[in-house]
């Protein structure tokens, strides 16, 4: 079931060579930066709006956000 979570998106990380596939929820700015950085290392990153109740939050998502992004989301 998809639900509205404001500016949150699902980010799917697919590691190369048959590696793990991980799904998380995070903000769009954090997902965009994650896609750039992980993409440099061969990880396929998909960003979409397929959120559901059991989707875990991206661990340490604040590390993927610029200070301007943090202020705009209301996060510390």
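In our numbering, the protein residues as written are 315 to 390.
Just so it is clear, CB atoms sit at the ideal spot from N, CA and C, and this is done for glycine as well.
In terms of residue numbering, what span does the alpha helix (DSSP H) encompassing residue i cover?
i	result
residue 350	342 to 353
Would you identify the three-state DSSP class for residue i, choosing helix, strand or coil?
i	result
residue 371	strand
residue 365	coil
Starting from residue i, trace the beta strand (DSSP E) in both directions and tell me its first and last residue.
i	result
residue 327	322 to 328
Using the rule of at least 16 other Cβ atoms within 10 Å of the residue's Cβ for burial, across every protein chain shown, is residue i buried or exposed?
i	result
residue 322	buried
residue 325	buried
residue 344	buried
residue 348	buried
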